[in-house]
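In the working numbering, the protein residues as written are 455 to 757.
Heads up, the beta-carbon is just placed ideally off N, CA and C, and yes, glycines get one too.
In this text the structure is predicted, and so the values were computed from the model without any measurement.
First up is the structure itself, then whatever we jot down about it.
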């Protein structure tokens with residue numbers, strides 16, 4: 455824990471890094487079994503305003519998108535967009551603190567609460583009930599991925615390191631996983647493993663899997679010049695699935711084979727060129743895929 459606290463004291467970053475000027479676009483997504491290829495339909499805006507609307511993820515029933523917004527003022531709250539009606543509903547209302555990284559789980563809405571430097575952690579909320587802690591550790595967590603049976607993989611804010619808290623335990627220095635990690639953490643579909651981005655000394659950024667039971671890491675695919683953010687989707691009957699990513703304005707996909715060799719040489723498959731929603735929008739970054747693979751969201755930065 456002493457090493458972690460040293461890193462935190464020397465790498466403090468203001469919450470102002472979350473700059474305004476982001477919008478969320480919703481796209482239909484489909485897979486052609488004959489050509490074994492993905493296609494993307496015309497997008498429509500979930501948000502379109504000067505402000506911070508970001509960090510979208512789909513609800514478990516595929517009917518909505520939860521996201522973070524500063525539309526009520528200085529601090530961020532969580533909102534839900536209904537795909538069928540277009541209605542936006544506010545889910546949290548905390549005038550003196552911000553929430554980030556919302557995901558809907560079987561235990562309710564899970565999200566990060568920023569309560570001042572360096573206090574930041576992951577919480578659950580079920581309906582209108584008071585929120586409860588989702589992790590026991592006081593490690594200040596900026597991003598996370600939770601497996602319902604295993605526990606939570608945490609990205610320690612300011613330290614750029616990952617820690618794993620097994621379900622029912624309290625993570626400490628002994629639960630350190632890896633350093634120089636990116637913010638995009640995920641549970642690998644239908645597996646007791648996680649994925650993360652490892653930023654290597656030579657400048658390469660590699661998506662890797664982490665098995666918290668065996669403690670093994672496996673290199674999957676290099677991001678090259680693609681965005682740091684990626685999403686999983688397209689699970690097949692054989693257990694294969696796809697990783698989606700944006701590179702230079704183009705959506706691409708990579709087929710993950712559970713039994714494949716380390717750092718597969720299989721190239722990314724181009725899916726579609728992404729046209730900015732308006733002249734005000736310039737760069738596509740964060741991406742999410744619905745559980746039924748019928749929709750995708752992309753976050754666009756504004757000029």
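In the DSSP annotation of this structure, the continuous segment of the beta strand (DSSP E) that includes residue 735 starts and ends at 735 to 743. Counting the other CB atoms within 10 Å of its CB gives residue 557 a total of 16 or more, which places it among the buried residues.
Residue 729 sits exposed, since fewer than 16 C-beta atoms from the chains shown fall within 10 Å of its C-beta. A Cβ-Cβ separation of about 6 Å places residue 512 in contact with residue 519 under the 8 Å criterion. Out of 500, 555 and 550, the CA that lies nearest to the CA of residue 539 is found in 500. For residue 627, the three-state secondary structure derived from DSSP is helix. Residue 615 is bridged by DSSP to 610. Annotation: residue 529 is outside any beta strand (DSSP E) and is labelled neither H nor E by DSSP. The alpha-carbon separation between residue 614 and residue 488 amounts to approximately 42 Å.
Using a Cβ distance threshold of 7 Å, residue 731 and residue 479 count as a contacting pair. Residue burial is scored here from C-beta neighbours: residue 654 has fewer than 16 other C-beta atoms within 10 angstroms and is therefore classed as exposed.
Rounded to the nearest angstrom, the gap between the Cα atoms of residue 663 and residue 623 is 22 Å.
Residues of the same chain with a CB within less than 6 Å of the CB of residue 586, apart from the 5 flanking positions on each side, are 578 in chain order. Taking all protein chains in view, the Cβ of residue 573 is surrounded by fewer than 16 other Cβ atoms within 10 Å, so the residue is classified as exposed.
Annotated three-state conformation of residue 516 is coil, per DSSP. Ranking 666, 680 and 723 by CA distance to the CA of residue 737 puts 680 first. Residue 490 sits exposed, since fewer than 16 C-beta atoms from the chains shown fall within 10 Å of its C-beta. Counting only runs of 3+ residues, the beta strand (DSSP E) found wholly inside the stretch 517 to 599 occupies 518 to 523, 531 to 536, 542 to 544, 552 to 559, 562 to 568 and 574 to 579, in chain order.
By the C-beta density criterion, residue 553 is buried, having at least 16 other C-beta atoms within 10 angstroms. Counting only the Cα atoms, residue 651 lies some 10 Å from residue 658.
Residue state for residue 694 is assigned as coil, using DSSP reduced to three classes. For residue 482, the uninterrupted beta strand (DSSP E) run begins and ends at 476 to 486, by DSSP. Sequence-distant partners of residue 689 (beyond 5 residues in either direction) whose C-beta falls short of 7 Å from its own C-beta, in its chain, are 643, 644 and 695. With fewer than 16 other beta carbons inside 10 angstroms of its own, residue 602 counts as exposed.
DSSP places residue 673 in the strand class (E or B) of the three-state scheme. With 16 or more other Cβ atoms from the protein chains shown falling within 10 Å of its own Cβ, residue 666 counts as buried.
Cβ neighbours of residue 516 within its own chain (closer than 8 Å, five residues either side excluded): 537, 744, 745, 746, 748 and 749.
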